[in-house]
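Enquirer:
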Amino acid sequence: MLWLKKNMGKLPLMMDCREHDAFIDDYLDDALPFKDRVKFELHIKMCPACRAYLDAYRRAREMAKGAAEDFAVERPPMPEGLIEAILKTKGAI
Ligand SMILES: [Zn+2]
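Laid out in structure tokens, this is it:
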């Protein structure tokens, strides 16, 4: 299995871990061309380290997206006159 891991990028239709890493965002965005998607998924099946990394990366992306959405929803509207009051306090108006 170590031989396979070291030589994975040299086999036809196989990408190495570095290539795999570069394609993760496009894969998760469903933006990879078919040929690259097949190579990517083949690598995932053969490489437990990249499979684990992909799972963690996917979860991190979902958490970041969820946090951004929570922030947007929970942020209260700016009270009317607040900006003007701040500017007056600073002597800008
Ligand atoms: Zn890998």
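In the working numbering, the protein residues as written are 20 to 112.
From the three backbone atoms N, C-alpha and C, an ideal C-beta is built for every residue, glycine too.
1) Taking the straight line between their C-alpha atoms, what separation do you get for E38 and A91?
2) Around the C-beta of F53, are 16 or more other C-beta atoms found within 10 angstroms, so that it is buried, or is it exposed?
3) Does the segment 56–74 come within contact of the segment 39–46, defined as at least 3 CB pairs closer than 8 Å?
4) Just jot down, in chain order, the residues whose CB lies closer than 6 Å to any heavy atom of ligand 1.
5) Taking only three categories from DSSP, how would you classify D74?
6) May I ask which residues mark the beginning and end of the alpha helix (DSSP H) holding A41?
Expert: According to the structure shown:
1) 35 Å
2) exposed
3) yes
4) C36, H39, H62, C66, A68 and C69
5) helix
6) C36 to L47
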